[in-house]
Every structure is written in C-alpha cells, then in structure tokens.
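Visitor: According to numbering that gives the first Met the number 0, the sequence shown is numbered sequentially starting from 0.
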Amino acid sequence: MNKQASCCCGAVTVELSGTSKLNALCHCDDCRKRTGSAFGHSLYYSKDTLKIIGSKPKTYAIGNEYGNQVRHFCPECGSTVYWYWARFPEWVGVAAGCMKDVVPAPTISACHHNARHWVTIPESWAQY
Ligand SMILES: [Zn+2]
Ligand SMILES: [Zn+2]
C-alpha cells in the first residue's frame, strides 16, 4: 500500500511504498530546528520508492557531526517533507508529521543524550 506525505499547503506531496526501515525520534539540535519542536520524528524508506506527485521542492544542505543531509522543503509554506542523508545512502527520510496516515510508534530514540530533561521514552526503545 502506498503512503503519502505532504507539506502544510499540500504543494509538495510525495508517495512512498513498502514498509519503513527505521522509525525514530531524534533529539539533535538540527532536528529541533527543522521541526521547531523538542525532537524530530522520522521514518526511513527505500530511496527508490519515493515518487514526487506535487511541486518540486527546494533543497537545503546541512552537515553536522552525524554527516551531511539534503533537506527537501516546500518553497511556499516551508515544511521539510523528506531528506537524503549521506549516512543512509539507500534510504530517504520522511517527516512523520507530514504523513497522511497515522504512523506506528517509533522504536528508536536517537541522540538521546541530547534529549530535553522532561522527555521520557519507553524502556523498550533503543537509545543512541
Ligand atoms: Zn507547502
Ligand atoms: Zn536529528
């Protein structure tokens, strides 16, 4: 079953197929700035399953201690919908909040050492 993800205004809409390879929260400063929230929630799919349905997004390259990332965002409303990360060359990362359907709970808390002190995650999740 195909899944859709889109920006706030809907101009940038993408379709993905298959199951996600990774479902994670990330507490790094860059994910916070991307989302404007305490952490990012991301799903990773096989790169070749992504199909752009709507307008062409703008891109922004960013690098941090975890590697380089190219974010694809809507030039109209500014939402980052998906990105490519050099660390996972086969995958595309998608903002969980942009997914049309309800997504499963994450299983990983990445950059957990940087989590806000009030964030509590289930013990069953892996922490990195
Ligand atoms: Zn938009
Ligand atoms: Zn992050």
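Backbone N, C-alpha and C define an ideal beta-carbon position, used for all residues, glycine too.
Just so it is clear, the structure is predicted and the values come from calculations on it, not from any experiment.
Give every residue of the same chain whose Cβ lies closer than 6 Å to the Cβ of Glu89, excluding the five residues on either side of it in the sequence, and list them in chain order.
Guide: Cβ within range, chain order: Lys46.
Visitor: Please name the residue, chosen from Cys27, Ser41, Tyr59, that lies closest to Arg115 on a Cα-to-Cα basis.
Guide: Ranking the options by Cα distance to Arg115, first place goes to Cys27.
Visitor: Taking C-alpha atoms, which residue in Lys20, Leu15, Thr34, Gly39 lies nearest to His111?
Guide: If we check each option's Cα against that of His111, Gly39 comes out closest.
Visitor: Considering only their Cβ atoms, is the gap separating Pro74 from Lys50 smaller than 8 Å?
Guide: No, these two residues do not count as a Cβ contact at 8 Å.
Visitor: Is Val11 near ligand 1, judged by its Cβ being under 7 Å from some heavy atom?
Guide: Yes - ligand 1 has a heavy atom lying nearer than 7 Å to the Cβ of Val11.
Visitor: Tell me whether Arg70 sits in a helix, a strand or coil according to DSSP, three-state version.
Guide: Strand.
Visitor: Give me the Cα-Cα distance between Gly96 and Gly53, rounded to the nearest whole angstrom.
Guide: Distance between the alpha carbons of Gly96 and Gly53 is about 18 Å.
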